[in-house]
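Worksheet for the structure shown next.
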């Protein structure tokens, strides 16, 4: 089915949705200020599973005020119900669009109270790992808020669209997808009829629906939503770059690599043209694009992007910053895959040296929680870098056809072992499976050197093999049982 036909079919479903409305609806609070919570971690050689900056949710409120943000979790704001217009100016983080049509009556007051109470419980649930009682209380208030919106504004008012969208978000968090979908669809139906199909609020609501489909891996439906959103917003709109990025992410999951890369690269160019080239969002997307290039063996393009980011971070944060070290490590691994071993070696040495210097300077006692986590991640990066460096040294020697000992590799692996023993228990990470796996790999590398006559530590072979067996046993206990 062509994109045009698919779009027509979806729009038809949306417009006919009035017959499918459910009574189980509610409203999440949305105010002038957005509250968000996100965690994007890029530690280690790989890319964090939470690096999917693809999840970007939009909250609707009041007379269809829209707040645009970039976070994995739902973003809620207080009600704004005064003058403004649909051409409201854009803020680099968020945008509010209001129409000023507010009905002031008893239902309005109750709607606001229920919305505010529901918001408070919802945020409590977000802060405490979705405590069941808080979620249930939030749902009750949102249901009541939707009822008041219907009675006070009428079924076709944008306040009802806001309430439907917000309750849909709550159901999405609960993974109650069957209840969430009709609410998203009803919100879009109301907004299309009230503002027209080309309005930015419709684009925002389609964005939420696209994200909803994306988390369920309903890729074709998600793709269609993003295609329509991109058309609705137009190239001049600041959120156009986000629409391209999210559409590109879906296409990548569908295996359409070329179109995906082009869209994500374009989204980065739009951000850079708008003066946002040094923003967290732009840096994250650039790293994601570099990852895509690396997976496709397009090492020169990946290298160019990572060098660009590394240069920027060196100037902005210096080499003491964890972000700088992470990008440097990724660049080293790309250079290694491109067979530029000497350059990779030098960069890995610098990464390992920088991590080690940081750990010597700071001890875990009394560190703030955020700093402690950074310290733990730095140790993990150090272990990974030392392992990669040692492996690289072995590769270089073997390619040159040299025999005998490989002192640089032996030194790197020995440093890896001593780092684990010295800092692992202090930073409470020695029992972390990922750290243990890195330590185990290091031990196996040392065993390989000894077994092949490339190490001077022959007398330690029994001790090393005993430690390998112990760590393998411990790691086996942490693996999920397979039934």
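Numbering (UniProt numbering), first residue to last: 1 to 483. Note that beta-carbon positions come from the ideal geometry of N, C-alpha and C, so glycine has one too. Small disclaimer: the values here were computed from a predicted structure and weren't measured.
- Pick from 286, 265, 293: whose alpha carbon is nearest that of residue 337? 293
- For residue 454, which of 267, 436, 217, 409 has the nearest alpha-carbon? 409
- Message: Considering only their Cβ atoms, is the gap separating residue 302 from residue 352 smaller than 9 Å?
- Response: no
- Around the Cβ of residue 157, are there at least 16 other Cβ atoms within 10 angstroms (buried) or fewer (exposed)? buried
- Query: With a Cβ-Cβ cutoff of 9 Å, do residue 442 and residue 390 count as a contact?
  - Reply: yes
- Message: If you reduce the DSSP assignment to three classes, tell me which class residue 256 lands in.
- Response: coil
- Task: Just tell me which of 420, 270, 416, 406 has its CA closest to the CA of residue 451.
- Result: Relative to the Cα of residue 451, the nearest Cα in the group 420, 270, 416, 406 belongs to 406.
- Hey, could you find the ends of the alpha helix (DSSP H) residue 322 is sitting in? In the DSSP assignment, residue 322 falls within the unbroken alpha helix (DSSP H) covering 322–337.
- Query: In the structure shown, what three-state DSSP assignment does residue 432 receive?
  - Reply: coil
- Does DSSP put residue 319 in a helix, a strand or coil? coil
- Message: What does the alpha-carbon distance come out to for the pair residue 312 and residue 278?
- Response: One C-alpha to the other measures close to 8 Å.
- Query: So is residue 327 buried or exposed if we call it buried at 16+ other beta carbons inside 10 Å?
  - Reply: A residue is called buried once 16 or more other Cβ atoms fall within 10 Å of its Cβ, and residue 327 is buried on that count.
- Message: Whole angstroms are fine: how far does the CA of residue 256 sit from the CA of residue 192?
- Response: 31 Å
- Message: What residue range does the alpha helix (DSSP H) around residue 291 cover?
- Response: Per DSSP, residue 291 belongs to the alpha helix (DSSP H) from 280–295.
- Message: For residue 139, count the other beta carbons within 10 Å of its own beta carbon; 16 or more makes it buried, fewer makes it exposed. Which is it?
- Response: buried
- Same chain, Cβ closer than 7 Å to residue 472, five either side skipped, listed in chain order: Excluding residues within five positions, the ones whose Cβ falls inside 7 Å are 440.
- Message: Rounding to the nearest angstrom, what Cα-Cα distance links residue 291 and residue 113 in this structure?
- Response: Roughly 46 Å separates the two Cα atoms.
- Message: Please state the DSSP three-state secondary structure of residue 479.
- Response: coil
- Option nearest residue 331 by Cα separation, candidates 317, 320, 316, 347: 347
- Task: Specify the secondary structure class of residue 276 as computed by DSSP and reduced to three states.
- Result: coil
- So residue 230 packs on residue 241, CB below 8 Å; how close in whole Å? So it is not a contact: roughly 10 Å between Cβ atoms.
- Could you give the DSSP three-state label for residue 203: helix, strand or coil? Three-state DSSP puts residue 203 in a helix.
- Item | Residue burial classification, residue 470 (beta-carbon count within 10 angstroms, cutoff 16) | exposed
- Message: Starting from residue 414, trace the alpha helix (DSSP H) in both directions and tell me its first and last residue.
- Response: 407–423
- Proximity below 9 Å, CB of residue 374 to CB of residue 322: yes
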